[in-house]
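Residue numbering for the sequence shown follows our numbering, starting at 2 and increasing by one per position. Here's the structure, in structure tokens; my notes come after.
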Amino acid sequence: MASPVPPDAGDIRDTALLVVNLGTPAAPTAAAVRRYLAEFLHDYRVVALTRWLWCPLLHFVILPLRSPRVAKLYAGIWMEGGSPLAVHTERLARALQQRLPELRVAHAMRYGAPALGAALRSLRDGGVRRALVLPLYPQYSTTTTASVVDVAAAVEGIEVQVVQDYHLDAGWVAAVAGSIRGYRDAHGSGELLLFSFHGIPQRLVDAGDPYQAQCRASVAAIAAALGLEDDQWRLTFQSRFGREPWLQPYTDHTLRALAGQGLKRIDVVCPGFAVDCLETLEEIALQNAELFREHGGEALHYIPCLNDAPEHAEALARLARRALGA
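This is the structure:
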């Protein structure tokens, strides 16, 4: 398991940047996945059902059935240093440390290890007085960013500031657009560019969650930077869970329909994910690519996340300096 980027011995820097991602199992095994999912799905921000109803369903139905299946999916994309999300998040933190020598830079996970609360306490105990927490979620949601805020606010003895979102940050938009442009220059362009974001339940947006609006704003800005016309791209949502309506249109339904309409090549990018993970490498690049071919398409080209690309690290470094007033 990857660990936080350690400060140098005798480090006297008293301000830190802590980049936070969602989390990952420690290993591609049913037991590790079960531990991870149990923590994740126990969060009220993720599942708001009363515990007396949700906990029996989670522990006696969902986890026993889901953990072995998800473990197999993780095994198919596991890297030498751990899960892709863990490896790429640590690499991004190291790239940020190189660009921000005046700060201590570390990374943490909201679920799993290195745990967010423990990372903040470690920084505090190491002499950090002020920490900028940067959730690697460009778009704000109560299901993601707000949960990070919950944990950060509970740590005492350190001044914590949380970046709420960066969905229209000019450097980030330029980095995503540049990544798409570079991929298409190297591999050609599909007939349509699909922007696929992780979904959330529709009821949350109806209750005021700004996530859908921020996704739309991000895509409009990226498409404009690429010079795309409205008929050259679409916005969809993936990774739904359960039976209630989630944000639509759904990515898999859209791909099935596009294949049925005769489109042969689709390019898919997932700018809501800062680094590649199960949802991009397995769900999109493998599962949805197969689905597209099964319904008459020929090729789904997945455009990788920004990961630790220099443009990504530069954009987030500038964002951090602005947030800290540097």
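Backbone N, C-alpha and C fix where the C-beta goes; we use that ideal spot for every residue, glycine too. Remember, it's a predicted structure, so these values are computed and weren't measured experimentally.
C-beta contact flag for residue i and residue j at 8 Å
i       : j       : result
Val-129 : Gln-162 : no
Tyr-141 : Gln-165 : yes
Val-206 : Gln-213 : yes
Asp-277 : Asn-308 : yes
Val-111 : Leu-23  : Reading the sequence as shown, one finds Arg at residue 111 and not Val. Going by C-beta atoms, Arg-111 is nearer than 8 Å to Leu-23.
Ala-109 : Leu-169 : no
Leu-227 : Arg-182 : yes
Pro-139 : Trp-173 : yes
Status (buried if at least 16 other CB within 10 Å, exposed otherwise) for residue i
i       : result
Pro-250 : exposed
Phe-61  : exposed
Leu-124 : buried
Trp-53  : exposed
Pro-104 : Checking the sequence shown, residue 104 turns out to be Leu, not Pro. Under this definition Leu-104 is a buried residue.
Thr-330 : The requested residue 330 does not occur in the structure, where the chain is confined to residues 2 to 327.
Asp-231 : exposed
Arg-244 : exposed
Gln-239 : buried
His-188 : exposed
For residue i, three-class secondary structure by DSSP
i       : result
Leu-17  : Sequence check: residue 17 is Ala here, not Leu. Reduced to three states, the DSSP call for Ala-17 is strand.
Arg-241 : coil
Ala-324 : helix
His-168 : coil
Leu-74  : helix
Trp-53  : helix
Val-34  : helix
Gly-24  : strand
Trp-247 : strand
Rounded Cβ spacing between residue i and residue j (contact assumed at less than 8 Å)
i       : j       : result
Ser-197 : Thr-252 : 5 Å
Trp-247 : Ile-201 : 7 Å
Val-34  : Val-71  : 5 Å
Ala-314 : Leu-97  : 6 Å
Cβ-based neighbour list, residue i, same chain, cut-off 6 Å, excluding 5 preceding and 5 following
i       : result
Val-177 : Ile-223 and Pro-272
Arg-257 : His-296
Glu-40  : Tyr-112
Leu-59  : Leu-42
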